[in-house]
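Structure first, commentary second.
2 protein chains.
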Amino acid sequence: MEESRPPRHRVTFLPAGVTVELAAGETLLKAAQNVGLHINASCGGSGVCGKCRVLIKKGTVVGGINEKLSAFDREAGWRQACTAQVCGEVTVEIPAGATKLAGGLSTGVSARNRSRLRQYDLEELRRAGLLHPPVEKLFLELPRPSVVDNRADAKRLIQGLHHQYDERAMVLTLPLLRKLRRVLREDDFRVTVTLARPVHLGQGRNYVVNIQVGNWTRRSFGLVFDIGTTTIYGQLIDLNSGEIIGGEGDYNAQISYGEDVISRIIHAETTAGLDTMREATVATINQLIARLLTTTATAPDEITSVTIAGNTTMTHLFLGLEPHSIRRAPYVPVSTFFPPFRASDLDLALPHHCVALLFPAISSYVGGDIVAGVMGSGIYRSPALTLYIDIGTNAEIVVGNREWLVCAACSAGPAFEGGGITHGMRAADGAIKDFSLNPESLEPMNITIGNRPPLGICGSGLLIIVATLLAHGVIDRRGRFNRRLSSPRLREGKSGWEYVLVWQAEVGGAGDIVINEVDIDNLIRAKAAIYAGIKTLVEEVGLAMGDLEQIILAGAFGSFIDLDAAMAIGLLPEVAPGKVTYVGNGALMGGRLSELSNHIRRDVVEVVNRMTSFELSEVTSFKDQYVASLFLPHTDLELFPVTAKRLGISSER
Amino acid sequence: MEESRPPRHRVTFLPAGVTVELAAGETLLKAAQNVGLHINASCGGSGVCGKCRVLIKKGTVVGGINEKLSAFDREAGWRQACTAQVCGEVTVEIPAGATKLAGGLSTGVSARNRSRLRQYDLEELRRAGLLHPPVEKLFLELPRPSVVDNRADAKRLIQGLHHQYDERAMVLTLPLLRKLRRVLREDDFRVTVTLARPVHLGQGRNYVVNIQVGNWTRRSFGLVFDIGTTTIYGQLIDLNSGEIIGGEGDYNAQISYGEDVISRIIHAETTAGLDTMREATVATINQLIARLLTTTATAPDEITSVTIAGNTTMTHLFLGLEPHSIRRAPYVPVSTFFPPFRASDLDLALPHHCVALLFPAISSYVGGDIVAGVMGSGIYRSPALTLYIDIGTNAEIVVGNREWLVCAACSAGPAFEGGGITHGMRAADGAIKDFSLNPESLEPMNITIGNRPPLGICGSGLLIIVATLLAHGVIDRRGRFNRRLSSPRLREGKSGWEYVLVWQAEVGGAGDIVINEVDIDNLIRAKAAIYAGIKTLVEEVGLAMGDLEQIILAGAFGSFIDLDAAMAIGLLPEVAPGKVTYVGNGALMGGRLSELSNHIRRDVVEVVNRMTSFELSEVTSFKDQYVASLFLPHTDLELFPVTAKRLGISSER
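From first to last, the protein sequence lines stand for chains U and S. Per this note's numbering, the first sequence starts with residue 1, numbered consecutively. Per this note's numbering, the second sequence starts with residue 654, numbered consecutively.
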C-alpha cells in the first residue's frame, strides 16, 4: 500500500522566517497555507486574479508566470504563489502588498490540523490470530481410481482434503458436482478447490464451492461494495495478500428516483417502484464488477465472495425488501440481519458459487455501513472510550468501547455537502476548500479544489470560513456579522449581511461568491444537531463529553475537515487533535476485513446484538442539548476550553 | 389407508370337498386356483376356450355364460369357471371332463404363497421416538410494533418463535424477507411459518422458509419420487398425518434415449445428451407434480420438501452429473452423497423454499432406490439377519442387520421382465401370471392378468410355469424336457423342445404360445446369477445361507412372485414363507419416511457409510457359485431341503 512519494523540499518564507517542507510539485500558496501564512488570493489558486505575487530570493520554482507579470518583474524573480511549484530548496519573500500585514506575519491561523489516516494493519491482525480467511484455495493431488479403489469422485475429493489438509465436514455444491468428473481427469487428478468456511470454525460445514484444473491457489479474490444513497464504491481484494488491487465508483443509478432515502422509500411504495430501484442498483454494481474485473485482469471464476455494506434503506432496496415502515414511526425495518446469500440470487453478475454477505444494520437509520466501520475501525475491541462518527446528510454516531456501544442517527441536513448554502457545492473542482483572512483588510486567501477558479464552497471549506470569520471577530458566536467592521467585502445583500469571498470581476463567473448569515445559520443548525446527538448519547450512558478519549471520523467529509475548525464551530467535541483519526470509507474498510477474516463475520453478530440504538427524537434531553448547541462553538464554553482560548473568545464576548 | 373391502363368500368344490372363502366378484377359476384345484383353462380365464365348465350345485353365481353353453346346459347349472363370479355361498362340482383327473382332485400344486406386505407403522415409529418432522408449521400471534418496541420485523418473528415455541438458531430466507412486511401486517401479525429443521437436531440452523397470513398449520405436504429407468412414480404425503394422499406414475421420458442405463449413459456422452435427458426426466416429474397437486387440490406453496430416490445412473442424469465413468471399470460414479438442494435449482416446478433431498447411493450399481428401501424397511435397525432384494433387469442385493450390511448388484438380464423369453412380456393385461398342469393329460390352466385372452408370459408366470413343469417331471433339473412324455402339447419347435401353453386355434392370436428350452435356460441363468450373488455375499462375510432369518422383497416383481415357485427354481434361498415380506416400491417407502422423519435423513448417512459394497465380478468365488446355481433349484439340494422334499426331487433324479 506504500506509494512511491515525490521528493520533499524546504521553503523558507521571508520576512517571517518560517520554514516548511513540502513535496515537489506543490505550490508556494500551499506552502504558505501550511504554515498559516496568509497570502491574498481571491481566485482559489487558479492564477487568474494575480494578487498572490511573491519574490523568489534564492533557488528556483517551476511556473508561477502569466501575462499579469511583466517581463521585467519575471526577470526580477516575481512569481504568482498559486501556480509556482516547488522543485528544490527555495527562499521566498511575501511582499507587504500581498498580505497588507507587515511582512507576511502570521495571521494567527494555524496550520490545518487534519486527522491521521487509520488503516488496518493486516500483519497485526495476523499476529493477534484474527485472520481466519472465510475462503481458502487448496491444491490437491489425488490418487487415480482403480479396481481396488473405486470411490466416487466426490468421496475421493473429500477424503483427499481430509488427508492432505485435515479438512472435515465438507459439502459439495451442485455446480461443482456437475463438472467434477471432467475437471478431475483433465490434469490427472491435480486440482485446486475453493473452500468457503463456516463463520463459526468447527461449527457448520465447509462448502467446496469450486474446483479448477491444476494449481490456482495464488489466484483468490473477493469484492467489497459500499452502496451509498448517492454513490456506490467497489474494491477488488486479493485474498492472499489482503491488498486492494482495484477500486471503482459510480453514481447509484437509483439517484434518478430521488436524492435522499425518504424519496427513495416513497418511490418504492409505487407499483414496481421497488423492483425498478433494486434493478438500478444491481445494474450499477454489475457495471462496477465488470470494470473491476477488466482493470485487474481477473476472471469471474476467481471471485468467491462479496461483502456489501450500505445504510438500512439502501440495503433494503438492494435486496428487494419493502422499506415502507422505515420512514414512519416507529421506524421498523424488515430486517437488520441478513443470512449469507448466493450472489446470483441477488442478480449480481458473479458465478453461482459466489457468496454475498451483507453487513447487518442496527436500526432503520444506523445501517450496515456504520456497522462495517465499527468492525473495520476496531472500536469494538478498543479499551478507549471512542466516538465514531460518519458525517453526511445524516450523521451516524457510535459511542463506546469493547465493553459497550451505543448509537444514534441525527438528521444534520445537507449543509456539509453544500446543500442549503447560497454558494454551497459538492467537493468538486472549483470548490473553495481552504481559506484565510487578512484581519486588517479582510482580504481572503481562497484555495480551491484542483486550483480552479472558484465556483462555490464545499463543506470542509465552509467550516474553515466560518471558523476563520469567528476567530477574527467578523462574526459573533451567534453567527451574526459585526456591522461595525468596514470593508467592501462586508455588505448587506439580498439575504441579509454577507461576506464576499470572490468578486465576479476578479475571476469571471455568474456573480460574486458570498457567504451570508442564513448560510451560517444553516451550518450552525447542522453542527448543533450532531453535537447535541453526541452529547445526548454520552450523557444517556452516564458519562460526560470530557470522558471521550478518541474520535474516529468516517466518510469522505471526515477525511477533509480541519479539526481546529470543526472544534471551533463546535461540530466535534474537543479532544487532542492527535486523538482524532479518520478511516476514509468505513464501509469499504469493514467489508475488506470481512473478506479477509471470519472473525469479523462472527463478531459482527455479537457486536450488533449488544449495540443499543437511541431514537434521539424520543430522548427528552436531546431538544435542550440542541438549543444549547446553537452557538459557536457552544453555549457552554467549558466544553471547549482549548478552542475558546485559542480563538480568544470567552463567555463574555 | 384401509380400503373398504367387498364381502367374502364360501365356495365349496365337489367332489374334492374343498372349501375356500373369497371376495364377491372373484371368479370360480380363481377360487379353484387358490386351493390348488386344477381346471383346464387354455384361454387365461378370458371365457374364450370354453374348457373350464363347472356345475353349480347350490347357490348362484353371476355370469359364466356365453354362446358355448347351450340353453339346456345353462338351465342345468353349467357355467364357465373363468367368468362366473362369486356373489354368495355356492357349491360347485368340477366334472371329470374339466380336469381329466377324477373329480378335480388336488394336483399337488399348493395355493400360491405370496409374501406379506410389510408397511411402516407410523404409530410405532412415533412411540419409538423416531418421528422428527423435517418440516414443521407453527402459528404465531406477534405483538404489534410500537415506539417502545420497534424491533425489525425479522427480529420480531424470530423472537416470537423463541418465546412461543422455544425455537433457536433460525435463519430467514430471501423470498421470505421479501414478503415479510406485507404478510405480517395483513392479519394483524397472525401468521403461520414453515420451519425446515436441521438433520441433526440441535446442530445447524432452522430455516424459516415460508410465511403465510393466518393459521395454515393443517396444510403441510411433501412429495416423494422414485425415478426408475423405465417409470417414475410420485406420491404426495400429508406431513401431519403421514398419509399418502395422492399417487401418480408415468414413463420416464428419457426412455426414448434407450431402454437400459447403459444406453442412457452412452447417450449422455453425446453433445447435449446429458442436458436433454436431464430435461426429459425433469419434465416427467413436473408433469407428475402438476397431476398430484391437481388431484389432491394442493397449492404449490403448501409443499415444502421433496425426497427423490433412483438408481445411481438415474440420479446422475436427473442432477446433470456426468455418468460416463459408471459404465467403465472401475465403475466410478461422480458422487454417492448429495447435499440438500433447492428444488428450483433442479428445475423442479416447486416454490423457491422447497428443499429437494436425494437418497445417497452405495456404488455405481447399488443406488439410492435400494438405500431408500433399506431405510424404509428398517433392516438397519433389525437384529435378524436379513436378505433385502430388488429383482429387475439388475438385481440389487443387501444382506445384513443392525450391526453390519453388505450389498452387491448383479446383472440378471431381462428374463424376469419377459425379455429373452420367446413369448415373454411385461406384466400387463393378457400376460399369463399363473398356471397349473393336469399331470396326466398335461393340459394347462392358464390365468392371465385381467382375464384377457393370453398374449404371452410375464415374469411371475414364468416362475410358476417352470416350477410346475419341474414338479411334474415335464422338465428335469437342467431344464430339459422329458422326451419320453407323450402329449400334443410337448413337441420339438424351431428353438428345440417346447410346451404349448395356448393353441392359436383356442384363442386366436398370432400363433401358439409356447415355452421352450432356450427360454428355460435363460431363466435358469438369470436366477443363477441372483442366487450366486446372494450366496457369495453371505459367504464372503463368513456365514451360510441357512443363517438367513428373513427375506424382504422390493419392487413390483417381488410383490407378485409365488414364493414356492421362486424357491423351487432356486431364485430365492429357502426360508419359511412366513419369513418373507415385500415392501412394494422400496424407494417410495423410504422416501415417505424421509419426508416424515429427520431420523431417517440422519441415519442414512451412517448406514451408507458402513455398508460394504462388493463388486461380484471381482470376487473369485462368484463364478463357481454361478455355475453351481445353473440347476433347478441348485446343484446342492441340501440348500433346498424343504423344496426338494415338496417337489419329490432328489440329487439322484
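Cβ atoms here follow ideal geometry from the backbone N, Cα and C, with glycine treated the same way.
Would you check if the distance between the CB atom of L490 of chain U and the CB atom of N446 of chain U is smaller than 7 Å? no
Which value, in whole angstroms, describes the spacing of the CA atoms of K753 of chain S and I1205 of chain S? Legend: pLDDT at K753 of chain S = 39, less than 50; position of this residue unreliable, no value from coordinates given.
Identify, in the order they occur along the chain, each residue of the same chain with its Cβ nearer than 6 Å to the Cβ of S325 of chain U, setting aside the five sequence neighbours on each side. V332
Collapsed DSSP secondary structure at K58 of chain U in the structure displayed: strand
Going by beta-carbon coordinates alone, are T968 of chain S and L1010 of chain S separated by less than 7 Å? no
Using beta-carbon positions only, say whether A684 of chain S and V664 of chain S come within less than 7 Å of one another. yes
Pop quiz: L830 of chain S and V334 of chain U are said to be a contact at Cβ under 8 Å. What is the actual Cβ separation, rounded to whole angstroms? 6 Å
Measure the C-alpha to C-alpha separation of H1006 of chain S and A996 of chain S and round it to an integer number of angstroms. 8 Å
Using a Cβ cut-off of 7 Å (strictly closer), state whether G973 of chain S contacts chain U. yes
Going by alpha carbons, who is nearest to R610 of chain U out of U:K494, U:F557, U:V371 and U:E396? U:V371
With a Cβ-Cβ cutoff of 7 Å, do C43 of chain U and V507 of chain U count as a contact? yes
Counting along the chain, where does the beta strand (DSSP E) carrying N1135 of chain S start and finish? N1135 of chain S -> no beta strand (DSSP E), and no H or E assigned at all.
Would you give the residue range spanned by the alpha helix (DSSP H) that N1099 of chain S belongs to? Careful: N1099 of chain S lies outside any alpha helix (DSSP H), inside the beta strand (DSSP E) at P1097 to T1101.
Please state if the CB of N210 of chain U and the CB of T194 of chain U are separated by a distance shorter than 7 Å. yes
Can the beta-carbon of N66 of chain U be found less than 7 Å from the beta-carbon of G45 of chain U? no
What three-state label does DSSP hand M648 of chain S in the structure shown? A question about residue 648 of chain S goes unanswered here, because the residues of chain S that appear run from 654 up to 1306.
Does DSSP put M425 of chain U in a helix, in a strand, or in coil? coil
Whether or not the region 1204-1218 of chain S and the region 1227-1247 of chain S are in contact is what I'm after, with contact meaning three or more pairs of Cβ atoms, one per stretch, closer than 8 Å; do they touch? yes
Excluding sequence positions up to five away, which residues of its chain have a Cβ less than 8 Å from the Cβ of F1267 of chain S? V1059, C1060, A1061, T1189, L1190 and E1193
Under three-state DSSP, which class holds H662 of chain S? strand
With 16 other Cβ atoms within 10 Å as the buried cut-off, status of R264 of chain U: buried
How do the region 509-525 of chain U and the region 422-431 of chain U stand: do at least 3 beta-carbon pairs fall below 8 Å, yes or no? yes
Would N482 of chain U pass as an interface residue toward chain A - the criterion being a Cβ-Cβ separation below 7 Å? Among the protein chains in the structure shown, which are U and S, there is no chain A.
Minimum C-alpha distance to V801 of chain S - residue among U:F631, U:E618 and U:S305: U:E618
Within 7 Å of any Cβ in chain S, is that where the Cβ of T270 of chain U sits? no
Using the three-state DSSP reduction, which class does V1236 of chain S fall into: helix, strand or coil? coil
To test your reading of the DSSP string, which unbroken beta strand (DSSP E) runs of 3 or more residues are found completely within the region 818-876 of chain S? 823-825, 843-849 and 859-866
Would you mind working out which of U:A299, U:R291, U:I232 and U:I244 sits nearest A280 of chain U, comparing C-alpha positions? U:I232
Output the distance between the C-alpha atoms of A849 of chain S and P1013 of chain S, rounded to the nearest integer angstrom. 20 Å
Starting from F318 of chain U, follow the alpha helix (DSSP H) in both directions and report where the run begins and ends. T312 to L319
I'd like to know whether the C-beta atoms of I432 of chain U and I457 of chain U end up nearer to each other than 7 Å. yes
With distance defined between alpha-carbon atoms, name the residue in S:E1056, S:T736, S:Q1157 and S:A1281 nearest to A1181 of chain S. S:A1281
On the criterion of 16 or more Cβ atoms from any shown chain inside 10 Å, does G590 of chain U qualify as buried, or is it exposed? buried
Report buried or exposed for V642 of chain U, applying the criterion of at least 16 other Cβ atoms within 10 angstroms of its Cβ. exposed
At least one CB of chain U closer than 7 Å to the CB of Y886 of chain S: is that the case? no
Taking only runs that begin and end inside the region 23-69 of chain U, name each unbroken alpha helix (DSSP H) of 4 or more residues, in chain order. 28-34
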